[in-house]
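Protein chains in written order, with the working numbering: chain H, 171 to 826; chain A, 98 to 942.
Here a beta-carbon is modelled for each residue, glycine too, at the ideal position from N, C-alpha and C.
All remarks here apply to the structure that follows.
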């Protein structure tokens with residue numbers, strides 16, 4: 171983008187003194203020019219450098235405010251950061267007040283080097299960088315202050331402490347903190363930190379797709395921290411030691427009532443955040459148990475249901491009421507809920523309709539044709555016996571496909587996954603693929619189903635077409651293209667389609683006011699999760715189509731905040747902190763090319779202990795046994811605690 | 098050892114440090130690897146026994162190929178690393194780190210108690226930090242927070258977190274935290290209230306500067322103190338410490354991570370109980386009774402009176418008319434000479450300790466009873482054990498330093514701890530499994546843990562209150578970890594069925610290739626028995642009834658010993674009926690420390706003559722005909738044999754108060770007056786004689802502390818372990834209609850005996866005896882926490898303060914027993930083996 175000055179990630183773009191039409195481009199910075207709908211953004215200071223978007227700005231005040239922010243968040247656990255940033259702050263203030271000397275500039279330069287080289291974590295290591303940039307590129311501004319020729323303008327500088335992993339986490343979990351607590355052997359404290367962002371340490375610690383680990387700076391040294399599995403350690407600790415989870419600390423509840431439709435990850439999470447804000451919450455669930463897609467879809471060997479139960483029981487223990495067997499739209503409606511006095515409704519009904527493959531024979535009722543989510547539910551909830559299958563074809567390459575493939579291997583079938591692209595494009599978690607190979611799942615890449623072949627009502631094969639990869643599509647993946655005349659038959663006795671899910675939102679048709687998208691989802695505001703009917707909010711798969719678990723939890727957290735604003739009579743909007751979060755996410759908190767200081771390469775991630783191979787092939791025993799406490803502590807010791815501070819510069823008319 | 102660096106892989110790693118090739122086990126830190134090649138990397142916050150956190154950034158080094166300085170304390174070595182520890186840039190950074198700490202650090206060195214032993218002074222000096230280049234505005238911080246036995250000055254604090262970590266990692270209390278952010282951060286209690294914790298002072302001991310201090314600066318400066326290494330006399334663990342003395346006054350007790358079985362860990366009694374040693378309550382002169390009064394007298398008169406009276410009584414009424422009751426806190430030398438003087442000089446064999454009188458099979462008879470499987474085990478086994486089991490053992494309260502050892506092993510090796518107790522005793526971090534059984538169900542429960550099936554399991558389920566799954570889960574877990582080390586605590590030690598329960602536990606341990614450790618009560622409980630202070634045994638457990646033993650000692654001692662009989666343990670009964678007429682009491686007060694103390698007092702008063710050696714005035718000294726003031730451990734040389742059978746050297750750090758004398762000197766004088774040949778004129782004479790005479794003590798010497806790392810070789814004495822027979826039935830509790838609460842008694846973290854009770858510091862922390870009552874019982878009887886209540890038994894009643902706590906389950910009480918003004922054991926009637934009580938509100942009038 172075009173801007174006045176940037177030193178972001180070491181690439182200096184300096185347009186000072188040039189007419190704005192002649193400004194050169196700064197390709198590695200993308201920022202909005204407004205902080206929110208009222209305030210304009212004039213600059214940004216952070217771990218990667220200093221950015222000045224436009225006048226008015228005051229670089230010395232920016233440097234001082236940033237040093238002050240660093241000192242304010244410094245955890246005090248290492249000397250250079252605790253004291254060094256204080257000396258920086260005081261020295262910069264002295265300059266700002268016109269009492270500085272040229273020697274002070276030298277002091278700050280020395281400090282920047284010493285603090286950033288020697289500090290223990292990101293605050294001290296990365297914090298001094300932008301301050302040093304201001305000295306390097308704006309020395310005249312400093313000298314003007316020292317000469318008494320400048321007065322500080324008192325702009326405002328909201329800041330936020332976060333970390334690359336936290337930025338990547340849809341729930342905004344304080345990941346470095348919970349890992350540090352594990353390192354200190356404080357498993358209870360760690361779980362408390364996790365619970366600040368989600369009640370589902372169990373599901374997330376077992377089955378999260380962990381975007382955080384893709385933003386982990388330790389990967390720049392050798393391999394990322396096992397962030398996801400460390401959550402499980404904290405949860406298992408409480409479970410195995412029979413420790414009572416914390417009770418609801420609120421003494422007085424509010425009078426408003428909230429109805430949550432659906433007891434999946436989004437519903438349970440929203441209920442959790444709302445009860446902790448003091449609202450009476452009732453969860454209406456269609457089935458006899460909570461957990462949604464985790465309950466019905468994630469196989470026993472990944473997340474055992476016995477363990478899952480504890481999760482919603484915990485939310486129940488905080489005071490949430492759960493009603494089971496309630497089919498929303500039939501047993502209860504918007505009208506009936508409002509009549510019962512519910513002041514707000516959160517829709518989290520999930521998406522449990524399998525997408526059709528659109529191939530001939532799919533809907534002809536042949537024996538041996540299943541949908542992925544249907545068959546997984548049937549197996550996990552043990553609703554119907556599963557007949558023995560010789561050779562199963564699983565269509566699709568996502569996590570549901572993996573779950574189906576690995577489940578049928580355990581039931582003794584030969585399993586082939588049919589996927590229209592190659593291994594490289596598989597959308598499932600990489601370890602799911604490698605483990606399925608280990609378990610003997612066969613892959614048929616660059617194949618697309620075209621017709622189901624049946625004899626006497628039973629599946630005997632699949633007609634498939636060979637594919638080749640063409641041009642990249644919107645998602646950046648190369649689209650598969652049919653090779654003409656390559657149709658051939660793969661023999662099998664079962665075909666499972668696992669190519670995605672849709673939502674069943676028939677109940678929305680009742681409420682004429684709620685707008686619906688072309689994908690059959692309610693229209694919701696991405697930030698607030700509010701629909702265009704003020705008392706109705708939505709999140710999870712039903713709001714935006716199939717989502718990773720952790721995204722649903724994040725949406726639930728935002729929705730709970732919005733519902734709180736709505737019920738408190740405030741405007742439903744996002745906070746300054748959330749604006750900052752968006753800003754930081756936009757500029758990018760993780761740089762995969764960054765060279766990490768002070769960490770020799772080679773301290774690898776702890777290997778995950780797995781169950782016996784025999785168990786793995788023949789039973790539904792949980793595959794991953796989880797880290798021992800000792801392993802967990804060692805893994806946590808690898809964490810570099812990459813806290814960073816991002817600070818926005820806002821000139822509110824310069825009237826202060 | 099850091100957990101960061103103790104990976105299970107056994108392979109070694111090769112690297113270069115300052116050009117030197119180094120090969121160390123995988124998982125070693127750079128700092129430790131350098132140390133192995135005697136390359137010193139300076140440190141400030143690092144402490145070997147804590148997880149390294151890299152707070153001070155002083156131990157930084159350069160690693161070839163890695164950008165920026167690397168902290169050597171918490172970075173593991175990696176294959177092929179090339180480390181430089183002393184480049185110019187690193188040295189400059191280290192100077193800067195010290196400058197940071199010195200920003201606003203008050204130059205209070207002249208009045209700082211750490212001056213002279215301050216790590217910050219040392220590093221400033223080492224790094225030649227001559228000028229300060231960094232300044233901040235001066236912040237006025239709180240000068241001093243008073244937390245009783247220790248004080249905190251945040252101005253001096255460098256925030257190294259050692260105190261926070263030791264409190265958490267080693268002590269398991271987690272009382273402290275970093276409070277606040279940035280430069281305003283300080284150390285504070287978790288809730289900001291005054292410190293309320295174990296008061297172990299571990300935080301004080303690890304503070305590298307004067308931030309946590311004891312107030313000693315008002316009396317002494319560090320370089321004026323003369324340090325004497327000795328053994329703590331406050332329990333049977335056998336911790337090493339330094340007695341720091343100025344002008345014959347003890348200024349403080351300090352610990353040293355590099356000495357002793359305790360690696361610097363001490364508890365409140367050991368660290369803060371020292372002022373009792375020289376308190377005004379000490380007995381300073383011999384006393385003799387004239388009519389109703391005791392008056393000061395000379396040693397000559399007191400000793401002559403004692404010898405004359407005991408001799409006359411023995412000659413008139415025979416050898417069984419004189420008895421000796423000895424404490425378990427005298428040294429091996431004291432104890433050895435005591436029994437020698439009595440047996441060889443006076444011809445009297447009736448020598449017992451109070452615990453032998455209660456249960457000889459478990460104490461004096463430990464090797465007779467359990468043979469090769471005796472529950473005496475080296476602490477080194479804690480580290481080697483497959484798992485740890487605390488059975489009837491409140492590890493944190495009974496022997497906190499052993500709990501420290503266990504906690505560190507749990508941290509470093511991931512060893513599991515299992516706790517089984519009749520009360521809800523705590524351990525932090527949480528044990529893997531904790532079960533609470535009904536008091537009295539121990540034998541069937543352990544029996545079920547051994548076999549975990551069939552009728553035994555059903556019976557145990559019925560009687561213990563545990564469900565079958567819980568017992569099976571515990572048995573399976575211990576079995577799967579294997580090689581358990583079973584800690585057997587006070588509850589079992591005092592149990593009427595102790596021998597059966599210990600036998601069962603020993604069998605459980607043996608079956609799984611483990612071992613057991615029975616907690617003893619006093620600093621030389623093991624040693625006094627080893628030295629033959631029991632009417633059944635000569636030193637080294639040779640039987641008094643064994644002719645060979647008699648001739649062995651006759652030979653050694655140069656006298657013709659009489660044929661001795663094993664006396665009954667009921668010395669007080671015999672005193673009461675006049676069978677025993679002469680009594681020597683050595684350093685113990687049965688009024689407080691024996692059941693039905695009043696009966697004991699009346700019985701002793703019934704004797705014709707009672708002589709008592711004591712350091713403090715007690716109920717027993719008050720009734721004595723002669724009182725001989727005795728020195729305490731820091732005032733004399735000698736050896737103690739601890740819980741694990743390890744003899745260690747006790748050293749004289751100060752001269753005895755007043756005219757008091759070491760017990761061995763007193764016994765030597767008595768012996769001479771009995772007409773014995775001298776030969777024990779110094780402690781080392783006795784030590785030598787013990788080494789020559791007592792089996793297992795062949796290597797005993799005063800010339801160095803302990804002897805290397807040897808434990809008295811009971812193992813050699815042991816031989817093949819065999820299955821012990823025990824009665825697996827449960828204890829039948831007495832009829833409890835009138836007195837419905839089973840009451841267990843024990844010592845507390847702060848009090849054990851007259852020595853702790855004379856300490857002002859310990860009395861300030863815990864001034865009164867107390868009884869722990871479960872919340873439900875308290876609610877039923879409408880008792881509030883902290884309220885004074887009346888506890889009644891068939892033997893009497895006492896008023897005590899109620900602690901309402903979940904540690905007590907319904908129907909079970911716990912009472913601290915060592916308060917001479919409220920002796921809990923006085924509630925126990927003679928002949929009873931389980932104390933049952935009722936309690937009620939004290940009517941406010």
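In chain order, what residues of the same chain lie with their CB nearer than 7 Å to the CB of residue i, ignoring the 5 residues before and after it?
i	result
residue 337 of chain H	385, 754, 755, 759
residue 100 of chain A	Only weak support exists for where residue 100 of chain A lies, its pLDDT of 39 falling under 50; the coordinates are left without a value.
residue 812 of chain A	Note that residue 812 of chain A scores 48 on pLDDT, short of 50, meaning its location in the model is unreliable; the coordinates nonetheless yield the value given after this. The answer is none, since no qualifying residue turns up.
Taking the alpha carbon of residue i as the reference point, which residue from the options has its own alpha carbon closest?
i	options	result
residue 237 of chain H	H:297, H:198, H:267	H:297
residue 649 of chain A	A:857, A:202, A:791, A:253	A:791
residue 126 of chain A	A:117, A:158, A:153, A:116	A:158
residue 150 of chain A	H:269, H:266, H:231, H:290	H:290
residue 306 of chain A	A:833, A:741, A:685, A:255	A:255
residue 801 of chain H	H:403, H:664, H:187	H:403
residue 870 of chain A	A:185, A:839, A:895, A:397	A:839
residue 461 of chain A	A:622, A:618, A:897, A:748	A:622
Per DSSP, which residues does residue i bridge with? Please list them.
i	result
residue 726 of chain A	A:711
residue 650 of chain H	H:639
residue 158 of chain A	A:167
residue 735 of chain A	A:747
residue 485 of chain A	A:514, A:582
residue 818 of chain H	H:214
Considering residue i, what are the terminal residues of the beta strand (DSSP E) in which it resides?
i	result
residue 894 of chain A	893 to 901
residue 443 of chain H	Premise fails: residue 443 of chain H lies in the alpha helix (DSSP H), 435 to 446, not in any beta strand (DSSP E).
residue 514 of chain A	513 to 518
residue 886 of chain A	885 to 890
Which residues bound the alpha helix (DSSP H) around residue i?
i	result
residue 477 of chain A	477 to 481
residue 638 of chain H	No alpha helix (DSSP H) contains residue 638 of chain H, which is instead part of the beta strand (DSSP E) from 628 to 642.
residue 564 of chain A	Here residue 564 of chain A belongs to no alpha helix (DSSP H), and DSSP marks it neither H nor E.
Quick one: residues in its chain with C-beta nearer than 8 Å to the C-beta of residue i, no 5 flanking neighbours on either side, listed in chain order?
i	result
residue 808 of chain H	388, 395, 773, 775
residue 698 of chain A	687, 688, 716, 717, 720
residue 630 of chain H	623, 624, 661, 662, 663
residue 535 of chain A	519, 560, 561, 562
Only counting the same chain, and skipping five residues up and downstream in sequence, which positions put a Cβ closer than 6 Å to that of residue i?
i	result
residue 352 of chain H	360, 400, 802, 806
Could you list the residues in the segment 522 to 541 of chain A with a C-beta less than 7 Å from some C-beta on chain H, going in chain order? For the segment 522 to 541 of chain A, which is checked against every Cβ of chain H, the residues closer than 7 Å are 526, 527.
Looking at chain C, which residues of the segment 762 to 788 of chain H have a Cβ within less than 8 Å of any of its Cβ atoms? Among the chains of the structure shown, chain C does not appear; the protein chains present are H and A.
Along the segment 332 to 357 of chain H, what residues have a CB closer than 9 Å to any CB found in chain A? Within the segment 332 to 357 of chain H, the residues whose Cβ lies closer than 9 Å to some Cβ of chain A are 353, 354, 355, 356, 357, listed in chain order.
Select from the segment 499 to 530 of chain H all residues with a C-beta closer than 9 Å to any C-beta belonging to chain A, and list them in chain order. Those would be none; no residue qualifies.
According to a CB-to-CB cut-off of less than 9 Å, which residues of the segment 292 to 315 of chain A neighbour chain H? Answer set for the segment 292 to 315 of chain A: empty.
Compile a chain-ordered list of the residues in the segment 229 to 252 of chain H whose CB is closer than 9 Å to at least one CB of chain A. Of all residues in the segment 229 to 252 of chain H, 240, 241, 242, 243, 244, 245, 246, 247, 248, 249, 250, 251, 252 have a Cβ within less than 9 Å of some Cβ in chain A.
Beta carbons nearer than 7 Å to chain H: which residues of the segment 180 to 212 of chain A have them? Identification of residues in the segment 180 to 212 of chain A having a C-beta nearer than 7 Å to some C-beta of chain H yields 190, 193, 194, 197, 198, 200, given in sequence order.
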